[in-house]
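A quick write-up on the structure given underneath.
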Ligand SMILES: [Zn+2]
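Residue numbers (our numbering): 30 to 144.
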């Protein structure tokens, strides 16, 4: 169990840095393409997050796509909450990050949340 926690902590820390950058990158991606990325990512992040956590230990390449997926989902109304993180690009009701951090116009808002 400790190992699992350790791995997921590392991934969370990495995503905390990578997702804001991915949000900035996706700002120039057409809305339609961003939706496609969000749809794909939704399945992966919601359905296979645990496996990804393990797999990423051996395959660091998974972090990039995960960050990109998170970022795409952050553009949807209400943002996304998964893997102990919340990400959004616009202020919305009951945002778990907003009390602690302001929204950034380029990098959006990403914070850790209690699971
Ligand atoms: Zn939010």
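Backbone N, C-alpha and C define an ideal beta-carbon position, used for all residues, glycine too.
Values in this document were obtained by computation on a predicted structure and should not be read as measured data.
Residue i and residue j closer than 8 angstroms at C-beta
i, j, result
"residue 137", "residue 66", "no"
"residue 98", "residue 74", "yes"
Proximity to residue i [Cα-Cα], best of the options
i, options, result
"residue 57", "34, 68 and 104", "104"
"residue 140", "91, 37, 41 and 35", "41"
"residue 111", "63, 130 and 100", "100"
"residue 142", "115, 39, 35 and 109", "115"
"residue 55", "96, 122, 120 and 35", "96"
"residue 37", "123, 113 and 120", "113"
"residue 50", "130, 107, 122 and 118", "118"
"residue 72", "48, 109 and 39", "109"
"residue 122", "130, 107, 68 and 132", "107"
Whole-Å CB distance - residue i paired with residue j, under 8 angstroms assumed
i, j, result
"residue 44", "residue 70", "No, residue 44 and residue 70 are not in contact; Cβ-Cβ is about 12 angstroms, not under 8 angstroms."
"residue 134", "residue 127", "About 15 angstroms separates the two Cβ atoms, so there is no contact after all."
What does the shell around ligand 3 hold, if a residue joins when its beta-carbon is under 5 angstroms from any heavy atom? Within the structure as shown, ligand 3 is missing, the only ligands being ligand 1.
Report the start-end ranges of each alpha helix (DSSP H) in the region 39–121 that is 4 residues or longer and not cut off at the edges. Entirely contained in the region 39–121, the alpha helix (DSSP H) runs reaching 4 residues are, in chain order, 60–87 and 92–103.
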